[in-house]
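Engineer:
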Amino acid sequence: MTPNPSLFRGRAPGEIAVIGLGKSGRSVATLLARDGHRVYASDAGSSAAAASSAAALATLGVATDVGRHDLERIARAALVVASPGVPPTAPPLAAAATGGVPVVGEVEVALHYLPGLHYIAVTGTNGKTTTTALVGHLLRALGHEAVDAGNIGLPLAEVALMSSPPEWVALELSSFQLHDTPSVDPTVGVLTNLSPDHLDRYESVEAYYADKARLFANAHRGSRWVVNADDARVMDMVAGVKGTISTFSIREPGFWSLKRADAYYDRESNALCYRGDASIGREELPLLGDHNVANALAAWLAVVTATDAIRDPEGSERLAAGLRTFHALAHRMEPVGEFDGVLWINDSKATNVSSTRVALEGMARPFVLLLGGRHKGEPYTSLAEPFRRHGKVVLAYGEAAEIVERDLGALVPVERIAGGFDEVMARARALAVPGDAVLLSPACSSYDMFNNYEERGAEFRRLAAQR
């Protein structure tokens, strides 16, 4: 492990404060401590997981606080490393700002310890986790040693802690992570799409988009980017960005242009294509919905751009085989079973309106929609049009139920469920008939009823199987 000295250059030696004791906080504190830095790590929560992290870090000589932050100590730190879930307005980061202490994220520190890393960075409002997983899967299909890291679940600091880091990393970056990763400079950068999100944290959609644009902060003539030609916001964002820009599309070329994207879905031949050559038929891709075709095209194009494997017939076939063997990730348009003729689909990760909208657009059979949770500030009215194509009824539940009913009740059939999630599922089962689907795509966070979207999806899966 030979770190790049730039992160600490020009800064007085001193203690590094790590804010948050979740997976990324624990990993980065471990990384810094093992490199000989004095580290203080704290978490405002008092969960068993935070306590376990603190105990493990204490064995490495890390000073810890659980259930509180020592704000005076943080204000005296040489550097603060913030977990992505900590908003910039949180007291410890406000204390750092008052003390003039620079703040970075876990990914920034990890990149410091992984100089020369080959990585494909993926961001966007929706589809970034599936695209990241596809990138890693395709790299491995080509025979490369590759891991999936970042917002997908494995902290990049864990990769830096490996005795022999992999050749490649498929790196998912959220807007929160990009905010605190000033040195991001990927081998290939991918922007899947843009739509309003996280308005419960950002003061405006422009501020949210500004963090997404940080992917391109270090663009240069040798940079390579893969972006969504179907998204006007994306194309506006990359206008004038240095480097080579390749595009993917699931739409036909517009009448104003005869130029196709580099990778595209040819509906006439029902195939995924690269610059005029078909790779696989749509029916060979085991993923639901057009949005997953877009994710597959983005990942495929990113790996082709990074490795030039498409020039080799064997490489082309390995990529095609990789697309054929990839399956839906848990909680992302995941079919969890067909019971009594009803297909149950778990899209619990759809925690914003735009993500639910693309799920609705991908439905091809009549369905009951489970919509609700903790409201994130977006209106639900834009869901009416795609819902009408095949939707039967919306079951509005959780804290957002009243708002869902207000926004959609005059536009589509809506039933408001006042009880718990088990009652929502029971009503869905009563309404669905053979040939229908029940779709959990809530457009809300899960925190009113569950600890996270994974727990919500797991409960959906469990209750779906109870016949």
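Numbering-wise, the numbering used here comes out as the position in the sequence shown, counting from 1, plus 67.
Glycine residues also receive a C-beta, built at the ideal position from the N, C-alpha and C atoms.
Grouping DSSP H, G and I as helix and E and B as strand, with all else coil, what is A237?
Structural biologist: Within the sequence shown, the letter at position 170 stands for residue 237. In this structure, A237 counts as strand in the three-state DSSP scheme.
Engineer: Exposed or buried, what is R288 when buried is set at 16 or more other beta-carbons lying within 10 Å of its beta-carbon?
Structural biologist: In the sequence shown, counting from the first residue as 1, residue 288 sits at position 221. Exposed, since its Cβ has fewer than 16 Cβ neighbours within 10 Å.
Engineer: So, does the region 276-288 touch the region 240-259, judging by three or more C-beta pairs under 8 Å?
Structural biologist: The answer is yes - the region 240-259 touches the region 276-288, with three or more Cβ pairs under 8 Å.
Engineer: Between the alpha carbons of A467 and A100, how many angstroms are there, rounded?
Structural biologist: In the sequence shown, the residue the question calls residue 467 occupies position 400. In the sequence shown, the residue the question calls residue 100 occupies position 33. Rounded to whole angstroms, A467 to A100 spans 43 Å at the Cα level.
Engineer: Roughly how many angstroms separate the alpha carbons of A188 and V481, rounded to a whole number?
Structural biologist: Position 121 of the sequence shown holds residue 188. Position 414 of the sequence shown holds residue 481. Spanning the two alpha carbons is a distance of roughly 40 Å.
Engineer: Would you mind stating whether A286 and V308 have Cβ atoms separated by less than 8 Å?
Structural biologist: Here residue 286 is taken as the residue at index 219 of the sequence shown, counted from 1. Here residue 308 is taken as the residue at index 241 of the sequence shown, counted from 1. Contact: yes.
Engineer: With distances taken Cα to Cα, identify the nearest neighbour of D267 among A451, V153, V171, R456.
Structural biologist: Taking the first residue of the sequence shown as position 1, residue 267 is located at position 200. The option with the nearest alpha carbon to D267 is V153.
Engineer: Measuring CB to CB, does S336 end up less than 8 Å from A345?
Structural biologist: By 1-based counting over the sequence shown, the position of residue 336 is 269. By 1-based counting over the sequence shown, the position of residue 345 is 278. Contact flag set, yes.
Engineer: Which residues in the same chain as R93 place their Cβ atom closer than 6 Å to its Cβ, once the five residues preceding and following it in sequence are excluded?
Structural biologist: Residue 93 sits at position 26 when you count from the first residue of the sequence shown. Excluding residues within five positions, the ones whose Cβ falls inside 6 Å are S120.
Engineer: Under a Cβ-count criterion, where at least 16 other Cβ atoms within 10 Å of its own Cβ denotes burial, should E319 be classed as buried or exposed?
Structural biologist: Walking along the sequence shown from the start, residue 319 turns up at place 252. Answer is exposed; the Cβ neighbour count stays below 16.
Engineer: For A477, which of E401, V174, T448 has the nearest alpha-carbon?
Structural biologist: Numbered from 1 along the sequence shown, position 410 holds the residue referred to as residue 477. The shortest C-alpha separation from A477 is found at T448.
Engineer: Among residues of its own chain, excluding the 5 on either side of H204, which ones have a beta-carbon nearer than 7 Å to its beta-carbon?
Structural biologist: The residue you call residue 204 lines up with position 137 of the sequence shown. Here the set comprises G389, F393.
Engineer: Apart from the five residues on each side of it in sequence, which residues of its chain come closer than 7 Å, Cβ to Cβ, to R424?
Structural biologist: Locating residue 424 in the sequence shown gives position 357, counting from the first residue. Answer for R424: S449, L450, P453, listed in chain order.
Engineer: When you compare only the Cα positions, how much space is there between G343 and E173?
Structural biologist: The residue you call residue 343 lines up with position 276 of the sequence shown. The residue you call residue 173 lines up with position 106 of the sequence shown. Taking the straight line from one Cα to the other gives about 41 Å.
Engineer: Determine the direct distance from the alpha carbon of V371 to that of K294, and round the result to whole angstroms.
Structural biologist: Against the sequence shown, residue 294 aligns to sequence position 227. Against the sequence shown, residue 371 aligns to sequence position 304. Inspection of the sequence shows that residue 294 is occupied by Val rather than by Lys. Computed Cα separation, rounded: 14 Å.
Engineer: Three Cβ pairs or more, each shorter than 8 Å: is that satisfied between the region 497-513 and the region 406-422?
Structural biologist: Yes, since at least three Cβ pairs between the region 497-513 and the region 406-422 fall closer than 8 Å, the two stretches touch.
Engineer: State the start and end residues of the unbroken beta strand (DSSP E) segment that holds Y269.
Structural biologist: To locate residue 269, count along the sequence shown from 1; it is residue 202. From DSSP, Y269 is part of no beta strand (DSSP E); its letter is neither H nor E.
Engineer: Which whole-angstrom value is the C-beta distance of A296 and F315, which I expect to be below 8 Å?
Structural biologist: For the purposes of this step, residue 296 is taken as the residue at position 229 of the sequence shown. For the purposes of this step, residue 315 is taken as the residue at position 248 of the sequence shown. Yes, they are in contact, since the Cβ atoms of A296 and F315 sit about 7 Å apart, within 8 Å.
Engineer: Ignoring anything shorter than 4 residues or poking outside the region 95-157, list the alpha helix (DSSP H) runs there in chain order.
Structural biologist: Runs found: 115-125, 138-142.
Engineer: Note down, in chain order, each residue of its chain lying with its Cβ closer than 7 Å to the Cβ of P158, except the 5 sequence neighbours on either side.
Structural biologist: To locate residue 158, count along the sequence shown from 1; it is residue 91. Counting only Cβ-Cβ distances below 7 Å, and skipping sequence neighbours, we find H136, L138.
Engineer: Using only the alpha-carbon positions, how far apart do A84 and D132 sit?
Structural biologist: Here residue 84 refers to the residue found at position 17 when the sequence shown is read from its first residue. Here residue 132 refers to the residue found at position 65 when the sequence shown is read from its first residue. One C-alpha to the other measures close to 11 Å.
Engineer: For L325, does the three-state DSSP call read helix, strand or coil?
Structural biologist: Here residue 325 is taken as the residue at index 258 of the sequence shown, counted from 1. No answer about L325 holds up, because its pLDDT of 49 lies below 50 and its placement is not dependable.
Engineer: Can the beta-carbon of E465 be found closer than 8 Å to that of R483?
Structural biologist: Position 398 of the sequence shown, counting from 1, holds the residue named residue 465. Position 416 of the sequence shown, counting from 1, holds the residue named residue 483. In the sequence under discussion, the amino acid at residue 465 is Gly, which differs from the Glu named in the question. It is not a contact, given that the beta carbons lie outside the stated cut-off.
Engineer: Three or more C-beta pairs closer than 8 Å, one from the region 363-383 and one from the region 493-501: is that the case here?
Structural biologist: At 8 Å Cβ cutoff, the stretches do not touch.
Engineer: Tell me, which residues are paired with D215 by DSSP?
Structural biologist: Within the sequence shown, numbered from 1, the residue matching residue 215 stands at position 148. BP columns for D215 point to A237.
Engineer: Do D407 and R529 count as a contact pair if the criterion is CB distance below 8 Å?
Structural biologist: For the purposes of this step, residue 529 is identified with residue 462 of the sequence shown, where counting begins at 1. For the purposes of this step, residue 407 is identified with residue 340 of the sequence shown, where counting begins at 1. It is not a contact, given that the beta carbons lie outside the stated cut-off.
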